[in-house]
Every structure is written in C-alpha cells, then in structure tokens.
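Below is one structure; the comments refer to it alone.
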Amino acid sequence: MLDIKDIIRTALQEHDGETGLELEDFIGSISARLDDVASIPAYDHTSKPLSLVSFRCMLQDTGYPMEVYLPGEQPQEGQEVDWSKLRERWVGWGVEIPGENDWVKNPSSDSLSNGLASLHMNGSTASHPPALQSKFHLSSQSANYLGALVKVYDDVSFRPASTHTFVGLLSTAALPSPISASGNEADEAVIVPTIHVLRGPLPPPVEESIRDVEATRSALLQYLASELPVDALSAEYILLALLASPSVRPPALQPLGTLSLNLIGAIPSLSATLRRLVPATVDLPLTLQTLHSTSFTPSSTTSSASDSSSLSSGLLQLAEGTVLVIDETAMGDGGKLLEKAVRNLQALTETMAEQKVRYEYPYMDGLKMDAWIRPIVLSDGKSLVPVDIHLPLLPSTSTPSPSSSTTPDLPAFRSYLRKYGSLAHARKLVIPESTAAKIQDDFVTYRRAQGVGGDAEEVLKRRMKIARLVAVSYEDAVLSEERWARVIEMDEEAEKRMKDRKKCGAGK
Amino acid sequence: MADMSTQEAGPVLADDLMRDRARRFVEFLEDDTNANYNYKESIRRMLDVEQVRLIVNIDDLRDYERAYADGLLLEPMSYLPAFDSALKSMVDTIYDPIKHNIADSQFYIGLRGSFGQQHCSPRTLRSHQIGKMVSLEGIVTRCSLVRPKMLKSIHYCAGSQKFHSRSYQDSTVVAPSAMMTGSTTVIPQDDGEGRPLIMEYGLSTFRDHQTVSIQEMPERAPAGQLPRGVEVVLADDLVDWCKPGDRIQLVGVYKSSGGGQGSRGFQTTIIANNVILLSSKANGGIQQTPLTDSDIRNINKLSKRRNIFDLLSQSLAPSIYGSDYIKQAILLLLLGGEEKNLKNGAHIRGDINVLMVGDPSTAKSQMLRFVLNTAPLAIATTGRGSSGVGLTAAVTTDKDTGERRLEAGAMVLADRGVVCIDEFDKMSDVDRVAIHEVMEQQTVTIAKAGIHTSLNARCSVIAAANPIYGQYDVHKDPHRNIALPDSLLSRFDLLFVVTDDTDEQRDRMISEHVLRMHRYIQPGVEEGTPVNENVSEALAIGQDPVPAGGENETPVFEKFNPLLHGGMTTASGRSSSNKRKEVLSMAFIKKYIQYAKNRCHPVLTKGAADYIVGVYSGLRNDDLAGNQKRTSPLTARTLETLIRLSTAHAKSRLSPKVDERDAMAAEEILRFALFKEVLRAERRKRRKLNNGVPEEEVPEEEQVEAVTKGERERAKAKARRLEREEEEEAEALRAGRQASAGAAGGARVGEQASGGPSAAAPRQAAGDDEDEDMDGAEASLGVDITDERLDLFRARLDAVFTTHLDAQGMIEFSELLPMINEGMETSALFGSSEARTAIERMGEGNEVMFAEDVVYKV
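Going line by line, the protein sequences match chains Z and P. FYI, the numbering for the first sequence is 1 to 508, going by UniProt numbering. FYI, the numbering for the second sequence is 1 to 858, going by UniProt numbering.
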C-alpha cells in the first residue's frame with residue numbers, strides 16, 4: 001500500500017476546486033484521526049468533501065480496469081508527464097448494503113432521529129444520473145442510494161458483491177468509462193463521490209460470546225413464534241433458515257449447509273420481524289411487473305450500449321447472508337410470462353439451488369460468482385421455485401401473552417444469529433459415528449418400507465440438510481442422536497401437514 | 001512538411017536521428033542474405049495482394065540489430081515511425097508502377113515474434129508498460145462504428161487565393177511526443193489575417209478509425225473475479241479486422257492520454273499494431289491445457305498400466321456411487337472415436353452419443369454436470385431450452401435494423417465438443433426432427449427466410465431422460481418405457497436404463513455416501529484466502545500457442561478421500577486384501593483425455609475387425625429368448641457403434657491399434673446397455689433387477705471372460721516385446737548419435753517413429769543431405785555468440801527442456817525461441833540467428849541435436 005501521506009497528497013491534487021488547505025497540517029490531522037478508527041463518522045449523503053469517512057459497502061462492480069495515476073506532485077502546465085512514475089490503483093464501485101437494516105447502520109441512534117435524518121437526506125440530494133441508477137437495484141432507492149467509487153492504493157482484488165468497510169478521504173472523480181463511448185472524451189464523464197482508501201478493508205468486529213446459548217435459542221424461538229405469530233415448528237424452521245450458510249461447496253455438486261424454506265400461509269409481519277434480527281433483508285415480491293421490469297442477474301450486456309465496461313446491478317446481487325423474502329402470493333392470479341420473466345425465474349432458481357449468481361458478460365456463458373443468500377418463500381401452495389421444505393403454517397398456538405410482556409433481548413438474538421450463522425461455525429459440524437450408523441439404519445428401514453420407486457434418497461438428503469442446521473444451531477455443532485430424532489420429527493411433521501393440506505384440498 | 005501537391009500523410013521524420021534510424025531499418029529490410037527472412041520478397045507479396053501492413057518478426061530484427069528491436073519494444077514512439085517510413089521508402093523503390101497503386105496508401109509495420117516480458121493480459125497490464133509495445137490476448141466484446149479521422153486538412157482562402165494546410169495528431173498516433181506539441185485539434189477558421197478559410201474536403205486526408213473493447217478470456221480470468229477489459233484503437237487497414245466474439249492476439253503500443261489534472265485522471269488505450277485472429281487456428285480455438293514434459297511422461301507411464309481403463313473410468317465423478325458402466329461410457333464419449341471424411345463427401349461420425357433413461361434421483365443430471373465440467377467444450381441445455389433458437393439454429397430478425405441473422409443453437413455452438421441435454425424426453429417435436437440430422441450427419445441445414453446454409457455441428461450428445469410414466473416400469477418392454485422413436489434411439493450409440501432398486505447393501509452404501517458428503521470439509525477455503533491470479537499465457541505472437549511455463553506440475557493422483565470418493569472401487573494392490581484405493585486427479589484426467597484424443601489415432605486391426613463382425617452378426621441373429629428385450633433397435637449403426645467404442649477404448653490405452661481386447665470391451669459395454677431384462681409378473685419377487693446381463697447369457701459371458709484373459713496375457717507379452725524393441729532402438733540411436741554427431745540419427749529416429757505409438761511424423765523427414773544444407777545456411781549467417789550468452793542460452797534451454805518438452809524429446813525451433821525468451825528482460829532476449837548459432841554450438845558439443853529446424857534432446 002502506498003504511504004498514507006502520498007495518498008492524501010494525490011487525493012488533494014485530484015480534487016476538483018480549491019481546497020484552501022495547508023497540505024502538511026491536513027495530512028497531520030488526518031493521520032492523527034486514523035488511529036482511532038471507531039470515531040470516524042460513517043459516510044452518508046451529508047458527508048463533506050475532503051472529510052474522513054468510513055464506508056461499509058458492498059462492492060457492486062469490481063470489473064473496472066486498474067486506474068493509472070500520478071502519485072505526489074503534478075507537473076506544471078505544458079510540462080511532460082514522466083511515464084515511469086505512473087502507478088495504478090484498484091477501482092471499484094461500492095454501494096450501501098442492499099436491504100441493510102437500520103440497527104446495523106446506526107447502532108446507537110433510535111428510530112426517531114433516523115427518520116429525521118432520512119427526511120433531511122431526501123431533501124438535500126439530487127437523484128443520481130442514469131449511469132449510476134442502474135448500479136443499484138432496489139427500485140425504491142436507486143434514485144439516491146449511497147454509493148461511492150472506492151480507490152485502493154494497493155495490489156488487491158475483491159470478489160464482486162463482497163462486503164467490506166473502508167476508511168478514507170471523500171472526494172469526487174469521474175466514473176470510469178470507455179473513452180470512445182461517443183467520440184467525445186470529456187463531456188461524457190459522470191462525476192461521482194470517491195473514497196480514497198487510507199485504511200481498509202477493516203476486519204469484521206470480533207464476536208462477543210453469548211452467555212447462555214441454549215436459553216438464547218429458546219428465547220429466540222419463542223420470540224419468533226409470538227411475534228410473527230406462527231406455530232413452534234414453523235418458528236424452528238425459520239430459525240434454521242436464518243442460520244443457513246453454504247459452508248461447503250464440493251466441486252460440481254450443490255453446496256451443503258443451505259436450506260430454502262417455503263411457508264404456506266400468510267405472515268404479514270415476517271419482514272418487519274426479521275428486519276429487527278438480521279443485518280440485511282430484502283423483500284422480493286414476485287409480481288408480474290417485477291419479473292418483467294427488473295433484471296435479477298447483474299449484467300454488463302444489457303446496460304446502455306455506450307457503456308459496456310460498466311456492470312449494472314441485478315436483484316440477486318446481494319451481500320453475504322442476506323435474507324431474501326420471496327413473496328409468491330404477490331403473483332395474484334398470474335398471467336403470461338415473457339422471456340425476461342422466465343429468465344429471471346431461472347436465475348432465481350439457479351441461485352437458490354447453487355448459491356451462485358450468474359453474471360452476464362458478453363461472450364462469457366455461465367460466469368457465476370459464489371453468493372450466500374438465505375431464501376424464505378411465502379406462498380399459497382407449492383412454490384414455483386424449487387425449495388427444500390414446504391411447510392403449511394398452522395394457526396399460532398402460543399398466544400402473545402406472557403413472553404411479549406418482557407422486553408426481548410434483541411442484541412443477544414442478533415449476536416446469536418450472527419455467530420451461529422457464520423461460515424466458520426458451520427464448518428465445525430461434527431457427525432459422530434454412532435449417529436451416522438443410526439442414520440444409515442433409519443435409511444435402510446425406511447427404504448425397505450417404501451419399496452421400489454420411493455423417494456427415500458431425496459428424503460435422506462433433505463433430512464441431512466435440516467440435521468446440519470439443527471446441529472449448527474447449538475454451540476458444539478454436534479449432530480447427536482437426540483437431535484437426529486428431532487430432525488425426523490420435524491420433517492415428518494412438515495410432511496404430515498402437506499398431506500393434510502392435500503386432503504383438505506381434495507375434500508373441498 | 002507543407003507539401004501541397006500530395007496527399008501524403010506518412011510519418012514525418014522530425015530530425016536526423018529519426019532519419020538515421022529509418023536508414024538502418026531500410027538496410028534491415030533490404031538484407032536478403034539471411035536464411036530466416038527475406039523482407040524484400042515479403043514487401044513485393046504485400047504489394048501484390050494490395051495490403052499495406054508488412055508483418056515483421058521481431059526476432060529477425062533482434063539478430064540484425066539488437067538495439068533496434070529493443071527500441072521497438074521499449075520506445076516504440078521513437079522507433080516505429082522510423083520503421084514505417086523505412087518501409088515506405090522501400091516500397092517506393094520496389095513497386096511496379098503498372099501493377100501497384102501506392103499513391104493513396106500509407107504503409108505500416110506489424111510486429112510478431114517473442115515479446116518476453118512485454119506479453120501480458122488485460123489483467124496484468126500495468127503502468128510501467130505505458131509507452132511500450134505490448135502483446136496480449138482476449139475476446140473482442142464490442143466494436144465501435146468505423147469513423148473517419150482527419151489527419152490533414154487543406155483550406156482555401158478565397159481572399160488571398162492561397163492554400164493552407166494543417167495536420168492533426170492526437171493520442172492515437174504513435175509518434176514521438178516532441179512532434180505532438182505543435183499540433184492542435186482546432187480547425188482554422190481564418191488565415192491569420194482575418195480572411196475566412198474554406199475547407200477542401202476532397203483534398204484533406206482522412207483515415208479510418210475504430211475502437212474495440214477487449215476482454216480477458218473467460219478461462220483465464222481467476223476464479224471469483226469479474227473479467228477485465230481494455231480499449232484498443234484500430235486504424236486504417238486494421239479496422240473491421242475483428243468482430244465481437246473473436247478471440248484475438250494483439251500487438252500494440254500501450255498509451256496514456258489525458259493530462260492527469262483534475263478528477264478525470266489518465267486514460268489508457270492500446271494503439272494496435274498487429275491483430276491476429278485466434279479462432280482461425282487449429283482446433284477451432286478450443287482452449288487446450290498446456291501439457292508439460294512431466295505430464296506427458298506421467299501419461300505415457302500410466303497408459304502402460306493394465307487397469308488404465310478402469311482406473312480412468314472410476315476416477316470420473318468419484319462422488320457418484322456405482323454406475324460403473326455409465327462412467328465407462330462417459331470416458332469413451334470424452335475420448336471419442338475417429339471420424340472419417342470419405343472422398344465422396346460422406347462423413348462418418350466419430351463422436352459417441354449416450355442416452356440415459358431412468359428413474360428420478362439416479363444421478364443422471366449429476367453425470368451431465370460432470371461432463372460439463374470436464375470436457376474442454378461442453379454446452380448444457382435442456383430439452384425445453386428457453387431460447388427460441390433451440391438446439392440447432394434459427395433465423396431471427398433484428399428488431400432495430402430488420403436485418404436477418406443466423407443464430408446458432410447449442411449443438412452448433414458445441415461443434416467439436418459435447419452437448420449435454422437434460423430432460424431429453426420433453427423436447428419439442430420441432431427440435432426432435434432437427435436433431436435427427438445433427439446426430440448422424442453432424443450438420444445443421446437452414447433454409448428459412450432467404451438464408452440457406454449448412455452449419456457444422458460435430459458434437460457428441462449425452463442426454464438424460466425420464467421414462468414415460470415417470471418411473472421405469474420393469475414389467476414393460478423398454479421401448480414402452482422410453483417415449484422416443486426408434487429413428488432417434490438408433491442414433492444413440494449407447495442407451496442406459498438406470499433403475500432405482502432396493503438392495504440393502506446398496507442402500508447402505510448410498511446413505512453412507514450422502515453422509516460422507518456432509519462430513520466433507522473443503523480444504524483451503526478459510527475465509528480471506530487470497531485469490532490466486534493464475535494467468536497462463538501463450539507467449540509467441542502470431543505463432544501457434546506454446547505451453548506456458550512456471551505452472552505447478554499436475555499431480556497424477558489425488559489423495560484418496562473416503563469422504564469424497566465414495567464411488568471408487570479400483571484397488572491398485574494385486575491382492576484384494578491389500579486394497580489401496582487410487583483416484584486420479586481431475587486435472588490429470590483432463591490432460592490425459594486431451595492428450596489421448598488429440599495425439600492418438602488408432603487404426604482397426606484385422607483381428608478386431610473380425611471380432612466386431614462376429615459380434616454384430618451374432619447380435620443381429622440372436623433370437624431373443626424369453627424375457628430379454630433390447631433397449632434400442634439393432635441396425636447397421638450398431639456396427640459403427642462397436643467400431644467407435646473400440647477405437648475410443650484403444651485411445652484410452654494410447655494404443656495406435658485397435659486390438660481384439662478393445663473390441664471385447666466395446667462389446668461388454670454395448671451388451672450391458674442393449675439388454676434390459678423385463679420381469680415376468682410371477683417371478684418378480686426373487687429376481688435381481690439391474691443385473692444387466694440376463695441369466696441365459698451368463699455362461700457365455702464367462703467364456704468371453706476366459707477368452708479375454710488369455711488374450712490379455714498374449715497382448716501383454718506382445719507389449720513387453722514391443723517395449724524391449726523400442727528400448728534397443730533407442731539404445732542404438734544414442735550410440736549412433738555419438739558416433740556421427742547426430743547427422744545420421746534422423747533416419748533411425750524415423751524408424752522408431754513408425755514403431756512407437758505417439759511419435760509424430762516430422763521427425764521422419766530428417767535426412768543427411770538436408771542436414772548439410774542446413775549447415776551451409778548456418779555458416780553463411782556468420783553470427784557469433786559470446787560464451788556468456790551461450791551459457792545463458794544453455795540454462796534457458798535446460799529449463800525449457802525440463803518443463804515443456806514433449807514425449808519425443810524434440811521441439812520445433814520456431815516454437816522453442818519464444819519459450820527461451822519467455823519472461824526475459826527485453827535487453828536479454830535472443831534473436832533467431834543468435835539462438836540458431838547457440839544451438840549449432842551446442843550441437844557441435846553434442847549437447848543437443850539440431851536437424852531440419854527441430855531441436856532434439858540428447
């Protein structure tokens with residue numbers, strides 16, 4: 001990494017307009033403040049140019065070529081640039097994390113001041129030019145989302161859609177674009193906010209340990225059951241879905257450790273509740289309009305013809321661990337799906353199964369990047385998209401009485417979900433020999449009972465998926481025999497509900 | 001400079017230095033004493049075909065004048081204009097006024113050869129390359145419109161009745177920066193004394209100009225990274241040279257434009273100097289993994305093993321349990337048979353087609369995915385393909401322009417590759433009709449909307465289908481279960497019926513297998529593992545790609561991981577008690593298949609042919625007893641199938657001949673695939689279902705087994721004898737070389753080549769007299785090499801021999817040079833004569849053998 005002083009100097013030199021600053025003093029004050037990373041304000045729409053900000057962002061586009069710059073002193077007008085002094089820096093487009101919930105953004109502030117801030121925000125900022133709007137996909141925000149060009153003065157590479165925290169100096173710069181876009185060079189440039197990175201990416205904060213895991217787990221289950229409200233089994237399934245992580249990706253096979261859940265029945269408060277628990281949730285109402293008007297996959301081909309080096313965002317380009325609530329009930333009575341919608345549905349199916357998102361680049365078929373999405377489908381029946389578990393909801397049994405009177409320990413729930421939903425924890429999974437033997441025996445007996453042409457293998461695979469997450473939801477991540485028994489119970493119950501549902505349907 | 005009478009827009013030489021350089025370049029171009037090149041002749045040829053770009057091999061120039069070659073690479077702004085003007089003056093002297101019209105053309109030099117350090121990819125292009133000549137490879141993703149660019153404008157001033165001219169230079173012109181300072185981009189409006197000017201468009205000079213975007217090749221982009229691109233400016237004759245989708249090699253000057261002031265920063269582009277289309281090269285641009293010397297040694301070593309076929313087939317998709325015969329079939333499919341193009345225009349398919357029909361959840365789709373990941377070119381599709389193009393091809397109309405376009409479907413795109421079709425039974429009737437032609441004739445004929453054409457679709461098909469009732473009904477005949485017409489079925493060489501049957505042992509294995517997968521922990525996927533930017537590149541520009549060095553050796557075996565390789569059953573130990581399971585690494589299998597597919601072209605022996613005829617007539621005449629039913633019709637195509645399968649089996653052994661044992665293996669697989677037992681209702685409880693060979697067949701099968709054994713013994717003895725002979729020959733060869741300094745060796749090499757399986761033809765040509773000719777040519781070169789340089793060369797050659805040498809221990813000189821020069825400092829690069837001299841010197845010292853432009857390792 002380049003020396004911090006040189007970065008600041010370069011940033012100042014490239015800054016448009018008068019800085020009016022004494023260089024040495026400025027460098028001194030910035031360097032001093034860098035030591036205390038925690039006190040640096042987060043980047044928002046009100047951040048002043050040339051101030052020090054920290055930006056937690058998802059790198060939406062990492063495909064720009066390295067940018068060439070001249071470090072240190074700029075030559076005088078008319079003087080030759082010494083090409084041997086040129087260096088390059090990494091440039092990417094960072095956006096605020098899609099669907100990031102307020103408690104993550106502003107851990108301290110309450111909702112009231114938040115609302116004020118957002119009001120203020122909306123009033124003060126003009127909407128983005130179209131070139132930028134295509135780089136963020138939540139349509140409600142794409143006009144003025146928080147985004148910045150991130151310039152890293154180091155030989156680095158980042159995965160697309162990865163999240164990082166950068167600390168750096170805010171300035172402005174032109175969005176990289178091919179010079180030949182229209183033949184004219186200068187007038188096309190879109191000036192965007194830019195962060196010259198001085199520190200970063202910062203490592204994620206260390207997880208604090210949770211005192212009583214079992215208690216937190218059951219309290220969380222209770223909270224889910226009463227808040228949504230749903231029955232206990234559904235609450236448990238939802239918890240598992242929130243812990244899912246593609247921890248192992250065997251070559252040429254589907255990743256392990258994932259769970260896609262289809263909840264049959266209405267839970268109006270699902271998104272709102274989840275928003276309080278997990279860092280990022282994105283609602284995806286599968287309406288015909290959404291399917292036809294938005295693009296699910298990020299693409300470099302569909303963007304305006306003049307700008308092929310830019311990657312426009314797709315709905316599925318989400319930060320790691322984002323909970324995706326797919327609302328199939330929004331489809332209404334259905335209608336005709338055109339090619340675009342079919343493609344979008346295919347992309348969604350693919351992403352749910354493989355935990356990979358297809359990136360569309362010209363002449364690169366099947367360029368897929370690893371993703372980590374936790375899908376929960378809400379539907380009126382069997383889902384359109386292939387899911388692991390169909391679960392009809394029962395009317396809630398737990399009346400929202402005593403549990404809701406005590407204030408729920410949200411911070412504990414959050415750290416529980418964060419810690420046990422992490423890849424690192426999922427990799428700790430242990431399946432003891434005794435349980436393995438039990439599983440095998442169960443399979444063989446089940447299979448014999450089923451006879452030829454049964455779906456025993458599918459059932460086993462599904463149960464293993466559930467079992468993995470049940471084990472992971474405890475601290476030791478061991479799949480003990482009791483837990484396996486619980487898994488079977490859960491699976492059978494879900495299946496029974498599906499059968500009952502069918503019978504009901506037939507009865508009608 | 002202000003010569004009004006011509007439209008010459010040629011390079012203008014600023015000073016004496018440039019003129020000196022131009023003179024030197026002229027001398028180089030005139031030099032016809034060197035054996036390697038004769039550019040005078042090339043210029044004449046260039047004029048004859050009315051081209052304006054002379055392709056010069058920079059290695060030749062390096063011999064002639066090292067400083068100038070280095071100058072071209074490192075300071076192209078100062079040297080390239082001089083070279084261009086040298087070419088112009090050469091053209092002026094050479095051209096024939098009757099034949100050639102050179103008045104309006106400007107001439108350019110295009111470079112090829114070895115670029116050493118200056119070779120990079122869009123990802124590794126760095127700022128220190130700015131202002132230098134670079135070469136890189138990529139896919140063209142976008143081409144701008146071709147626009148004229150004004151080089152020189154002529155203005156007429158009505159007031160003074162005088163002409164004024166002005167020339168324009170921008171950052172897309174390769175010229176020394178000193179020349180750029182005076183130029184402007186503003187068109188003059190008056191003559192400086194207030195009189196208006198009128199521009200004379202007819203007299204002004206324009207040049208075509210185009211910008212293209214080049215993107216990293218998909219297979220070279222590091223995993224988990226988005227591809228990077230770079231902008232390239234094409235001018236004059238290079239315009240429209242390439243179109244989007246082309247894979248190209250490019251030589252050009254990496255330039256920076258823009259002042260760097262303000263937020264706009266520096267813009268960088270490449271000004272193209274030479275563009276070479278890659279797709280026109282051999283094997284249609286399908287990416288080939290470079291094979292190293294040790295890879296080939298390992299492949300040859302492994303091919304001697306007796307169980308090589310089983311070892312290979314079982315290492316395929318090790319995570320899929322069982323399905324041994326299907327894996328064997330997939331191996332044969334990947335290897336492929338030999339296609340024949342007869343003189344009468346008939347094309348006999350060499351590709352093997354496989355269809356799997358079976359119960360859900362029997363890993364059919366997994367098999368397809370595996371093929372997709374293994375074959376160098378594989379395209380996946382489903383019977384209900386989403387695109388309107390379907391499997392073959394379609395004519396579409398462009399919405400904007402109304403132009404008709406031919407769109408290729410999956411099978412055309414997979415020409416020379418594999419198409420994986422899932423849900424084959426759900427295919428639309430239109431596609432099903434179209435696929436008939438593709439699968440046997442391997443072409444797609446389009447006669448629609450005024451377009452009538454035939455496209456090649458030489459691909460293997462591997463397809464999976466579900467039975468008609470969703471579940472395979474073992475009480476019904478196979479063809480009642482498979483809802484596909486006979487005409488289509490007969491086009492599949494092998495049809496496998498996969499049933500899901502209950503068997504405690506097998507069930508246990510399956511559940512164990514599923515469990516294992518869940519216990520498996522991926523190695524080295526800790527978070528924060530840095531991305532390995534492995535960029536392997538071909539180094540020679542304008543020549544066939546050569547393997548890149550510095551890569552890690554591919555391990556032959558993978559560590560057997562019981563958690564991952566549940567499907568493996570091959571044990572290498574002789575005694576069954578000492579079972580050490582072996583699994584070949586995927587990377588190695590890919591290389592093995594690539595090597596076997598490309599290098600090995602076995603021919604049918606009499607014995608094998610007789611055997612196949614016997615099998616075929618036997619199959620045709622078999623009266624099908626009792627409950628035994630064929631899965632697919634038995635037609636003359638079956639005969640071809642047998643030939644294809646046995647040829648592919650011979651390839652798996654790297655054998656130059658198809659022996660009887662190959663034919664036997666082919667028969668075994670075919671019989672397994674062909675006969676599917678139909679249960680009689682009363683006996684269904686006791687019988688095993690998926691036995692493959694009906695009971696009546698068993699004794700005969702055993703007999704065959706015995707025959708196989710005896711045959712194998714014989715074959716083994718034969719192989720041993722063959723080996724010994726080869727060794728003796730090699731021994732003699734070595735002696736011969738030492739005695740006569742390698743001159744007489746060529747003939748013997750030729751003999752050996754005809755005996756050995758993989759020796760290539762070029763060696764045979766080496767004869768004594770030609771050698772002498774060569775010597776004569778070398779002597780005339782008169783290039784000398786210092787001992788230091790020779791030592792350096794020796795060291796580099798040694799490195800090349802250890803990393804790149806193929807099995808024959810030989811290497812073409814033209815291939816060798818770029819390898820020697822790979823990654824070297826520009827100032828240290830070897831020129832072609834220098835290298836030739838070095839090799840000659842080494843040849844004198846018996847370090848290598850050099851004949852007919854081929855270097856042999858001693």
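Heads up, the beta-carbon is just placed ideally off N, CA and C, and yes, glycines get one too. Small disclaimer: the values here were computed from a predicted structure and weren't measured.
Amino acids of chain Z, ordered along the chain, whose beta-carbon sits closer than 7 angstroms to that of residue i
| i | result |
| --- | --- |
| R519/P | I431 |
| R228/P | G63, P65 |
| residue 926/P | Nothing about residue 926/P can be read from this structure; chain P reaches only from 1 to 858. |
| I139/P | Y363 |
Own chain partners of residue i with C-beta closer than 8 angstroms, once the 5 adjacent residues on each side are dropped
| i | result |
| --- | --- |
| S575/P | The predicted position of S575/P is uncertain, since its pLDDT is 36 and thus under 50; a value taken from the coordinates is nonetheless stated next. Within the same chain, S575/P has no close Cβ partners at all. |
| F370/P | L316, A317, I320, I330 |
| Y325/P | F496, I669, F672, A673, G692 |
Counterpart residues of residue i in DSSP-defined beta bridges
| i | result |
| --- | --- |
| E67/Z | R89/Z |
| Q249/P | E137/P, I276/P |
| M58/Z | V95/Z, T163/Z |
| E812/P | V854/P |
| H119/P | S135/P |
| H347/P | N341/P |
Residue from the options with nearest C-alpha to residue i
| i | options | result |
| --- | --- | --- |
| E96/Z | A148/Z, E67/Z, R87/Z, G63/Z | A148/Z |
| G618/P | P602/P, A636/P, H601/P, A221/P | A636/P |
| N373/P | P250/Z, W90/Z, L479/Z | P250/Z |
| V470/Z | A241/Z, S29/Z, S162/Z, G28/Z | A241/Z |
| R199/Z | K151/Z, I439/Z, Y361/Z | K151/Z |
| M411/P | E338/P, S42/P, E440/P | E440/P |
| L368/P | D493/P, V433/P, V613/P, A380/P | A380/P |
| G202/P | I446/P, Q210/P, S153/P | S153/P |
Where the beta strand (DSSP E) containing residue i begins and where it ends
| i | result |
| --- | --- |
| P148/P | 147-157 |
| F206/P | 205-215 |
| T322/Z | 322-327 |
| M356/P | 354-358 |
| F496/P | 494-498 |
Close beta carbons around residue i, own chain, < 7 angstroms, minus the five adjacent residues each side
| i | result |
| --- | --- |
| V230/P | P122, L125, I214, I270 |
| A11/Z | L169, S171, H196 |
| H425/Z | K419, V472, A477 |
| S180/Z | Unreliable placement is indicated for S180/Z, whose pLDDT of 46 sits below 50; the coordinate value is still reported in the next sentence. So the list is empty, once near-sequence residues are dropped. |
| P244/P | V140, T141, R142, C143 |
| Y64/P | F28, D31 |
Under 8 angstroms by beta carbon: chain Z residues contacting residue i
| i | result |
| --- | --- |
| P244/P | P362, Y363 |
| R126/P | M66, E88 |
Cβ shell of residue i (< 6 angstroms), same chain only, five flanking positions each side left out
| i | result |
| --- | --- |
| V232/P | V212, I214, I270, A272 |
| L146/Z | E96 |
| L291/Z | A341, N344 |
beta-carbon residue i near the ligand ATP non-hydrogen atom, thresh 7 angstroms
| i | result |
| --- | --- |
| V251/P | This structure does not include the ligand ATP; it has no bound ligands of any sort. |
Per-residue contacts from residue i into chain P (C-beta, under 7 angstroms)
| i | result |
| --- | --- |
| M369/Z | G224 |
| I439/Z | S511, L515 |
First and last residue of the uninterrupted alpha helix (DSSP H) at residue i
| i | result |
| --- | --- |
| R637/P | 636-652 |
Return the residues of the stretch 51-67 of chain P that lie within a Cβ-Cβ distance of less than 8 angstroms from chain C, sorted by chain order.
Within the model displayed, chain C is absent; protein chains Z and P are what it includes.
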